[in-house]
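In what follows, a single structure is set out as structure tokens and then discussed.
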Amino acid sequence: MKSGIIILTMSCWTVACHTNTSPLDARESKLVTDSVQRMTSRLINDLSVHGPIAWLNYFDESPGFYMISDGQLAFNDYQSGKTFIEDTLTRYFVKINLQLNQLHIDPLTSSLASIRACYHEELADSAGKIIRSDGYLTALVKQTNQGWKFRSLRWSMGKSK
């Protein structure tokens, strides 16, 4: 009986501790990179066509989502981001032109990747006034049933022009 418990314990331990930590092979890494690149291209296009509301299609709705802006917690979850975008951002801005430069995508697993890039953003209000900003962003994206979504975003902004 004692040896059966030891074997069962060791089997459970082996299964529980076995995770797929092996790095992605070159083909898998390219698939993730290309897929995340397409997501960022769609995001940029959707923001310019649909304005700030488009962000909601790219935020992960799971409880762990958050966004940091210049070291301050901007959204502590999806709902706070959704409320701010719907109730505030869309009232003031009708269009967002976002450019990502020096975009680097680092595939972590087949369903997680990190992103880093310099950005230039132009927010246009209904009167045509444009607010420009430049900075750097980092993000964690994850593959969901609805495609790649931002799990976390961190923006470091320079001075507005």
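If you're matching positions, the sequence shown starts at 102 in my numbering and goes up one per residue. Where is the CB? At the ideal position from N, CA and C, for every residue including glycine.
Any idea what DSSP makes of Tyr159, helix, strand or coil? coil
For Glu129, report the span of its alpha helix (DSSP H) as first-last. 127-151
Can you give the Cα-Cα distance for Ser136 and Lys243, rounded to whole angstroms? 11 Å
Please state the DSSP three-state secondary structure of Lys183. helix
Pick from Gln180, Gln200, Gly152 that is closest to Phe194, judged by C-alpha positions: Gly152
Backbone CA spacing between Gly77 and Arg255 [nearest angstrom]: No statement about residue 77 is possible, as the shown extent of the chain runs from 102 to 262 and does not include it.
Who are the near neighbours of Leu190 in its chain, counting only those whose CB is closer than 6 Å to its CB and skipping five residues on each side? Pro153
Contacts around Ser253, its chain only, beta-carbon distance under 6 Å, and the 5 residues preceding and following it disregarded: Tyr167, Leu241
Which ranges does the beta strand (DSSP E) cover as unbroken runs of at least 3 residues, wholly within the segment 186-212, from first to last along the chain? 196-208
Any idea which residues DSSP pairs Asp226 with across the strands? Asp226 pairs with nothing; no bridge assigned.
Decide if Gly229 is buried, meaning its Cβ has at least 16 other Cβ atoms within 10 Å, or exposed. exposed
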